[in-house]
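Enquirer: Chains as they are written, first to last, in the numbering used here: chain U, 1 to 388; chain H, 1001 to 1361.
All residues carry an ideal CB built from backbone N, CA and C; glycine is no exception.
Since this is a predicted model, take the numbers as computed values, not measurements.
Take a look at the following structure, please.
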C-alpha cells in the first residue's frame, strides 16, 4: 500500500510538471530581439504524410539559414516556426493559433490542402500574409492574402491531360483516384474534362476511399480488362506504392503517370524502387536537374538532412522563403511593421515580382494567388528522376 | 436500493447535480474572465468552442452507453449529419436571414432535428440487437454517412438546389450564377463562423441539464432498469423499444447540435473528419470519465481534448505522450487499489456521514 502510494505520487508529480511546462511554455518566450521575423508553417510532422510536412519544414529552415548567414532580409533575421497538424483541419486551426501566440508575422500556410483551407478564414480576418508551398486545392488560397508556390489541382489535371495528349503517350487511358480525397478528385475532374477535349479515350475510371486503400486488386483488374495503355494516378505516393506492387503481381503492363503527389515515392521506407521504374510524373523539381541553382540546393540540403526528404515539397518551401525575401525587399518591409501591415505591403509586391528558383524559372503571380509557370515531367529511370 | 432510502437518494442526487452545475459554471466563469482580461493565448481561445463541442458529444454518447447500456460506435455519424445540415442551411440562407443569431439558432435546431431523425431511423434495426452486434451496426452506420457525404455535390443557383454524386455532371448542371455549398471530398468551405463561446457553453449547459433531468425522471429510471436487466424490466411492463428509441433520438439530437457548433467554428471541414476514430475518441471520453457519469464525461472531454494541444511544447513526441498519458489514466482509473484509496480519502472528509451509494451523476 505504501509503495503504491509512492508510485502514485511520483506519477502524479510527473504528470503535473509536464502539463505545467506545456501550459505555460507558450507565453513566456521573451520577445527581446525585435529584428527577428518569424515565419510560421503547420504541416503533418507526424502521421501518414509526415514526409511532406518534414520536407517543407527542412526546406524552409535551409533557406532561412542561408538567408541569415548572408545577413538576413533588410537587416532582419528570419526564424521558421513549425507546428504539427497531422494533415487535419482541426489540428491546423490549433496549430495556426499556437503560432500566433509564438509571434508569427508571416505564414507559409499549411502543407496539405484541407488543413490550409481550415484556417484561411481566420488568417483572412487577421490579415495574415500566406504563401503556401504545397496546398494545391483551389479553396486553400481563396482570399487576397493567400498565394501559393505549386500548381493548383485543376491546373495539374489540365496540364497532365495536355502532356499525355501532346506527347502522344497513349490514346486509351485509365484512372484510379481517391474519391474521399479533395486533392485527388480535384485533379481527376479537370483531367477527365481536358482528356475528352483533347480526344483521349478514358476507358476506365476506378476509385477508392480512405478506408479501402490497401487492396486494389478489383481496380487493377478493371484497368487490365479495359485495355488501357496508360494509367493516370492522381494520388499520393503511399497508395501509389501499393498499386504499383499489386499491378506487378497482377501482370498489368501500362505506363504509369502521376502528379506531384507521387513525388516522395522513392524515399519511402521498405519500398522496392524497381517497382517505380518507368513511372512518369509531373513535378516542378528534380534533384538530378543540371542547372546550378538546383545542384546547390541539392548539395546543401543533403549535407544537412536525410536524402529521403529531398523532394518537391522541400524545394517548394525553399523557394517560398526566397519568394518572401524577394517580396519583402520589393515592398521594403521593416521589422517594426505588424503582421497586417506586412500583409498589405506583400500582397501588392507579390504581383510585381518575377522569381526564378529551384521549382521554376520566371514565375509570376496574379492577384488570385496562382503562380504562372511551366510544368516539368520526369521519368523514373534506375531509381532516379530524369527530366523528359 | 430499498424504498426506505429513496428519499435520501433523491436528496443526494440533487446535491450531486448541483455540484455538476457548479463545476460547469466555474469552468465558464474561469474561461470567460480569463478571455475578458485579454491575457488568454490564442491557442486556448481557439480551444474553447471545440471543448464545448466534444463535451456535448461525450455527454450525449454517455446517455446511450452509460444510461441505456448499449455500445454505440457511430456517434461521429450523427455529428456529421448535424454539421452538414446546419452548414448547408446557413450557406443557403446567408442572405435571406441577415441576423447571425437567429440564423444560427435555426441552423442548430435543423441540424439537431435531422440528426435526431437519423437516430430514430438507425434505432429501428438496432432495437433487435444487443452487445457487439449493435456496436457493429452503429459503426457501419457512421461509415455509411461519412462515405455518402464524401461524394455529394450540392449547390444553389437561380433555378434552385442542384445536387449530384458525380463532380463532372454536377459542374455541368450548375448555372453560372451558382454557388457550390458541398464540394465532394473537399467538404464545406466558408461557412459563416457564427459560433461563439457563450452560445457553445449555453448549449453544453442545456445538454447537461437535459441529460441529468432525463436520468432522474421516470423515463430515466425505466431506461436504467432496461440496462440493468432487460428481462426483468420487460416483465414489469416497461416498453423496451419505446425507451431505446427515446434515448437514441435524444442522444443523436445533441450530437447533431454539437455538429452544427463544430461546423460554424471551422472555415472548412469535410466528411472524412467524422470517421471511426472520432467516434472512438468520444467513446474514450465517456469511458475515462466514468460510464454513466455526466460530470465525468465533461471533465474527461475537456482534459483529453486540451491535452494534445497543451503538449505541443514537446514537439514530435506529442502524440506519444498523449498515448502514454491515456494508458496511465485508464490504468489509474480502473485500479481497485487506487479506487479504494480514493474512497478512504473521501471518507476522511465525510467522517460522520454515511457514504451514499450509486450517486454517480
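For residue 167(U) and residue 200(U), I'd like the C-alpha separation in whole angstroms.
Expert: Within the first chain, the letter at position 167 stands for residue 167(U). Within the first chain, the letter at position 200 stands for residue 200(U). Between residue 167(U) and residue 200(U), the C-alpha separation is close to 12 Å.
Enquirer: Taking DSSP's pairing of strands, which residues face residue 239(U) in a bridge?
Expert: As a working note, residue 239(U) is residue 239 in the first chain. BP columns for residue 239(U) are empty, so no partner.
Enquirer: For residue 148(U), does the three-state DSSP call read helix, strand or coil?
Expert: What you label residue 148(U) is simply residue 148 of the first chain in a count that begins at 1. If DSSP states are grouped into helix, strand and coil, residue 148(U) belongs with the strands.
Enquirer: When you check each C-beta in the segment 96-122 of chain U against every C-beta of chain H, which residues fall closer than 7 Å?
Expert: For the segment 96-122 of chain U, which is checked against every Cβ of chain H, the residues closer than 7 Å are 97, 98, 100, 101, 114, 117, 118, 119, 120, 121, 122.
Enquirer: Less than 7 Å between the beta carbons of residue 1184(H) and residue 1151(H), yes or no?
Expert: Indexing the second chain from 1 puts residue 1184(H) at position 184. Indexing the second chain from 1 puts residue 1151(H) at position 151. Yes, the pair counts as a contact, with Cβ atoms nearer than the cut-off.
Enquirer: List, in order along the chain, the chain U residues whose C-beta lies closer than 9 Å to that of residue 1103(H)?
Expert: Position 103 of the second chain, counted from the start, is the residue given in the question as residue 1103(H). Residues of chain U passing the Cβ test: none, with the nearest at roughly 17 Å.
Enquirer: Spell out whether any CB of chain U is found under 7 Å from the CB atom of residue 1150(H).
Expert: Here residue 1150(H) corresponds to residue number 150 of the second chain, with the count starting at 1. With 7 Å as the cut-off, residue 1150(H) counts as an interface residue toward chain U.
Enquirer: Between the beta-carbon of residue 1261(H) and the beta-carbon of residue 1088(H), is there less than 7 Å?
Expert: Translated into positions along the second chain, residue 1261(H) becomes position 261. Translated into positions along the second chain, residue 1088(H) becomes position 88. No, Cβ-Cβ distance for residue 1261(H) and residue 1088(H) is not below 7 Å.
Enquirer: Using the Cα positions of residue 113(U) and residue 183(U), report the straight-line distance between them to the nearest angstrom.
Expert: If you number the first chain from 1, residue 113(U) lands on position 113. If you number the first chain from 1, residue 183(U) lands on position 183. Cα to Cα, residue 113(U) sits roughly 7 Å from residue 183(U).
Enquirer: Between the segment 305-314 of chain U and the segment 1030-1042 of chain H, do at least 3 Cβ pairs fall closer than 8 Å?
Expert: Too few Cβ pairs lie closer than 8 Å, so no.
Enquirer: To be precise: take each residue of the segment 1076-1106 of chain H, compare its Cβ to all Cβ atoms of chain U, and keep it if any distance is under 8 Å. Which residues remain?
Expert: If the cut-off is 8 Å between Cβ atoms, the segment 1076-1106 of chain H has nothing near chain U.
Enquirer: To the nearest angstrom, how far is the alpha carbon of residue 1334(H) from that of residue 1290(H)?
Expert: Residue 1334(H) sits at position 334 when you count from the first residue of the second chain. Residue 1290(H) sits at position 290 when you count from the first residue of the second chain. Each residue's alpha carbon lies about 10 Å from the other.
Enquirer: Note down the Cα distance separating residue 243(U) from residue 1250(H), rounded to an integer number of angstroms.
Expert: As a working note, residue 243(U) is residue 243 in the first chain. As a working note, residue 1250(H) is residue 250 in the second chain. Distance between the alpha carbons of residue 243(U) and residue 1250(H): 44 Å.
Enquirer: Counting along the chain, where does the beta strand (DSSP E) carrying residue 208(U) start and finish?
Expert: The sequence position of residue 208(U) within the first chain is 208, counting from 1. Unbroken beta strand (DSSP E) run through residue 208(U): 201-208.
Enquirer: Between the Cα of residue 254(U) and the Cα atoms of 212(U), 223(U), 270(U), which residue gives the shortest distance?
Expert: For this step, residue 254(U) is matched to residue 254 along the first chain. With distances taken between Cα atoms, residue 254(U) lies closest to 223(U).
Enquirer: On the CB-based measure, 16 or more other CB atoms within 10 Å of its CB, does residue 352(U) come out buried or exposed?
Expert: Mapped onto the first chain, residue 352(U) falls at position 352. Exposed, by the Cβ-count rule.
Enquirer: Below 8 Å on C-beta distance, what does residue 127(U) contact in chain H?
Expert: Residue numbering aside, residue 127(U) sits at position 127 when the first chain is read from its first letter. Result: empty, since nearest Cβ-Cβ is about 15 Å, beyond 8 Å.
Enquirer: What residue from 83(U), 156(U), 50(U), 60(U) has the CA that sits closest to residue 42(U)'s CA?
Expert: Along the first chain, one-based indexing puts residue 42(U) at 42. Nearest of 83(U), 156(U), 50(U), 60(U) to residue 42(U), Cα basis: 83(U).
Enquirer: From which residue to which residue does the beta strand (DSSP E) around residue 42(U) run?
Expert: Residue numbering aside, residue 42(U) sits at position 42 when the first chain is read from its first letter. Residue 42(U) -> beta strand (DSSP E) spans 36-43.
Enquirer: When DSSP labels each residue in this structure, what does residue 174(U) get in the three-state scheme?
Expert: On the first chain, residue 174(U) is found 174 positions in, with the first residue counted as 1. Residue state, collapsed to three classes: strand.
Enquirer: Less than 6 Å between C-beta atoms, sequence neighbours within five positions excluded: which residues of the same chain meet that for residue 333(U)?
Expert: Here residue 333(U) is taken as the residue at index 333 of the first chain, counted from 1. Correct list, in chain order: 342, 345.
Enquirer: Where are the alpha helix (DSSP H) runs, 4 residues long or more, that stay fully inside the segment 1302-1340 of chain H, in chain order?
Expert: Segments of the alpha helix (DSSP H) lying fully in the segment 1302-1340 of chain H: 1318-1334.
Enquirer: Check the Cβ-Cβ distances between residue 89(U) and every residue of chain H, and say whether any is below 7 Å.
Expert: Mapped onto the first chain, residue 89(U) falls at position 89. Judged by the 7 Å Cβ criterion, residue 89(U) is in contact with chain H.
Enquirer: At a Cβ threshold of 7 Å, is residue 1185(H) touching chain U?
Expert: Along the second chain, read from residue 1 onward, the residue named residue 1185(H) stands at position 185. Yes, contact with chain U.
Enquirer: Is the shortest distance between the beta-carbon of residue 1125(H) and the beta-carbons of chain U less than 7 Å?
Expert: As a first step, residue 1125(H) must be located in the second chain, where it is residue number 125. Not an interface residue.
Enquirer: Buried or exposed for residue 1061(H), please, with buried defined as at least 16 other CB atoms from any protein chain shown within 10 angstroms of its CB.
Expert: Position 61 of the second chain, counted from the start, is the residue given in the question as residue 1061(H). When all chains shown are included, residue 1061(H) counts as buried.
Enquirer: On the criterion of 16 or more Cβ atoms from any shown chain inside 10 Å, does residue 1272(H) qualify as buried, or is it exposed?
Expert: Reading the second chain from its first residue, position 272 is the one you call residue 1272(H). By the 10 Å Cβ count, residue 1272(H) comes out buried.
Enquirer: Taking 6 Å as the cut-off, is the beta-carbon of residue 119(U) closer than that to any non-hydrogen atom of the ligand FMN?
Expert: No copy of the ligand FMN appears in this structure; indeed no ligand is present at all.
Enquirer: Going along the chain, which residues of the segment 190-215 of chain U sit with their C-beta nearer than 8 Å to a C-beta in chain H?
Expert: Of all residues in the segment 190-215 of chain U, 192, 193, 209, 210, 211 have a Cβ within less than 8 Å of some Cβ in chain H.
Enquirer: Nearest chain H C-beta to residue 379(U) closer than 7 Å, yes or no?
Expert: Working through the first chain from its first residue, we reach residue 379(U) at position 379. Chain H contact via Cβ: absent.
Enquirer: Could you work out which residues of chain U lie near residue 1193(H), taking near to mean beta carbons separated by less than 9 Å?
Expert: On the second chain, residue 1193(H) is found 193 positions in, with the first residue counted as 1. Chain U residues near residue 1193(H): 121, 122, 125.
Enquirer: State the Cα-Cα distance for the pair residue 398(U) and residue 229(U), rounded to the nearest angstrom.
Expert: Residue numbering for chain U in the displayed model covers 1 to 388; residue 398(U) lies beyond these limits and cannot be assessed.
Enquirer: What runs of the alpha helix (DSSP H), each 4 residues or longer, lie entirely inside the segment 278-345 of chain U?
Expert: Listed in chain order, they are 292-304, 312-331.
Enquirer: Report yes or no: do the segment 1095-1112 of chain H and the segment 1186-1195 of chain H share at least 3 C-beta pairs separated by less than 8 Å?
Expert: A contact exists between the segment 1095-1112 of chain H and the segment 1186-1195 of chain H.
Enquirer: So the beta strand (DSSP E) residue 82(U) belongs to, where does it begin and stop?
Expert: The count along the first chain starts at 1 and reaches residue 82(U) at position 82. Run containing residue 82(U): 77-84, per the beta strand (DSSP E) assignment.
Enquirer: Which word fits residue 1044(H), buried or exposed, when buried means at least 16 other C-beta atoms lie within 10 angstroms of its C-beta?
Expert: In the second chain, the residue the question calls residue 1044(H) occupies position 44. Answer is buried; the Cβ neighbour count reaches 16.
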